[in-house]
Amino acid sequence: MHRANALTSGIALARRYNREKAVHVADNDHIPLWGGRFEKTPAAALQEFGASLPVDKRLWAQDIAGSQAHARMLAAQGVLSQQDAELIVTGLDTIAKQITDGDFDFDIVDEDIHMSIERALTEAIGDAGRRLHTGRSRNDQVATDARLYCKQQSIALARQLLKARQTLIAVAEANCSVILPGYTHMQKAQPVLFSHHLLAYSWMLARDFRRMIAARDAADNSPLGAAALAGTSYPLDRQRTASELGFSSVIPNSLDAVSDRDFMLDLIYACTTAMIHLSRLSEELILWSTEEFGFITLDDTYATGSSIMPQKKNPDFAELVRGKAGRVVGDLVGLLTVLKGLPLAYNKDLQEDKEGTFDAIDTLSASLAAITGMLATLRVNADTMLQAAQGGFMAATDLADFLVGTGMPFREAHEVVGRIVLYAEKKQCALQELSLAELSEFSTAFDAAVMDVIDIAAVVARRTTEGGTSPASVEVQLAEARKLIEADERML
Ligand code: ARG
């Protein structure tokens, strides 16, 4: 009794879920397209449990393209008449239009998008529709659709990543002389240029771009023609369907073709690293926009208020990006776990591949849009940043380096400056506020030139190493970042 109740409420939940996803839930005794071998229709509850339509309906355009390529190829190979192929192609065009116009009835009894479209086609054109699935299985069909979709989406995400990089670079350029404290262990360490700090994120996203391109390439092989698992006895031309669909090659092993989901793992992984980077950036934006830091002010359009505290301006969207990074990590672990231990070839477990993949794509896309807009509109509080950069004894290394320049061994200089910092800390003043006379108490090697050396802007300007924070080095870095964007644009 207990168990029956649990099951019934599970069904109710599944029904509500499907309704929310705008999929029609039928109560009839509908016979599936594979019904010939069966004496009964699937239990109503399991019909919904087994269906993937609410999730995979977004593959409709890829499914139609794949079916049209398959039909044309069957006709070219003499497996299907030209007339049937034409009926199929135009019938599928009509279905595509119905779907775009919102006139298509997605019915959960069809199980998935492949069955849904095939049923509608057969209803529209009769026997020709029933011939479409010749020499094909849903196993190679779904792998084809998913690959086409992942290819498109990785390119779209790569474009968004480019846009985010361009925005980071534009904000860096617009604030190229702004100095803020650089931190290690969340303690003020050495002053850096704000542009240098932002560019660090642009390089992270540049690596994500590469990963996205790698994900696109991983999806760029055609499984179509592998049929259920072993290939087929029909004289299929796999090269033809592959090139018609824009794949650069054919997957050489039919078992691998229907069971490989590495391309999805690659894409989710690319999404995951990008989300981790956006999450780290979000954390800094959140921190910098606190009253305690005050380094930036988020635009009103990228912040929210509190329902009770009238004074609040919260960085909700940055917090959401930080939080959503967690679900994308979950998507990656989820699919890895689905694949672990799966024997060849197709198993229904693989139907669980899509929800997490789509979620990772959607989440990264929305997060990139949020962060890009946030960066483009935020206000940089240069004075507050500079003020903060004066504290924390961040010129200490340079003070030691000055002594090294007079011939003192670095370890000794480190010790001397350590004592100066202790003195300044007790006196509650900055290093720059100490007089030459005070400094000379600690070492006779100091002279008047030391004052220029410990000026914060001078400290920054001296970091001229390749990749360092001096304005000159950052200028070179900016040019490199811009050049890489141009090269990356050509990869799309
Ligand atoms: N909806 C299925 C999926 O997403 C399509 C393939 C079903 N194949 C099968 N033999 N049941 O994986």
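Numbering that gives the first Met the number 0 puts the sequence shown at residues 0 to 491. Backbone N, C-alpha and C fix where the C-beta goes; we use that ideal spot for every residue, glycine too. Everything numeric in this text was worked out from a predicted model, so none of it was measured.
How many Å lie between L147 and S247 at the Cα?
12 Å
Separation of L398 from G417, as counted between CA atoms
10 Å
DSSP three-state label for G333, please.
helix
Residue range of the beta strand (DSSP E) that includes Q186
That run of the beta strand (DSSP E) goes 186–192.
Identify which residue in R237, G333, T296, P251 has its Cα closest to the Cα of K311.
T296
Any beta carbon from chain B within less than 9 Å of R36's own beta carbon?
Among the chains of the structure shown, chain B does not appear; only one protein chain is present.
When every heavy atom of the ligand ARG is checked, does at least one fall within less than 8 Å of the C-beta of K353?
yes
At a threshold of 8 Å, does D111 count as lining the ligand ARG (C-beta to nearest heavy atom)?
yes
Is it a yes or a no for the segment 45–63 touching the segment 130–145, going by three-plus beta-carbon pairs under 8 Å?
yes
Alpha carbon to alpha carbon, how far is R260 from D352?
So the two alpha carbons sit approximately 8 Å from each other.
Of all the options A429, T443, C428, K426, which has the alpha carbon lying nearest to the alpha carbon of V415?
A check of alpha carbon separations from V415 across A429, T443, C428, K426 identifies T443 as the nearest.
At a cut-off of 8 Å, would you count A256 as near the ligand ARG, judging by its Cβ distance to the nearest heavy atom?
no
In the DSSP assignment, the beta strand (DSSP E) including G230 goes from what residue to what residue?
Per DSSP, G230 belongs to no beta strand (DSSP E) and is neither H nor E.
Which same chain residues, not among the five before or five after F445, have their C-beta less than 8 Å away from its C-beta?
Answer for F445: F401, L402, L435, L438, S439, listed in chain order.
Residue range of the beta strand (DSSP E) that includes T405:
No beta strand (DSSP E) contains T405, which DSSP labels as neither H nor E.
Would you tell me roughly how many angstroms separate the C-alpha atoms of L266 and A84, rounded to the nearest one?
34 Å
Going straight from the alpha carbon of G323 to that of M308, what length do you get?
For the record, residue 323 in the displayed sequence is Lys; it is not Gly. Cα to Cα, the separation comes out at about 25 Å.
Contact the segment 364–382 vs the segment 165–172: 3+ CB pairs below 8 Å
yes
Roughly how many angstroms lie between the CA atoms of S115 and R279, to the nearest whole one?
42 Å
Quick check on this structure: which residue in E291, I98, A365 has the alpha carbon closest to the alpha carbon of A163?
A365
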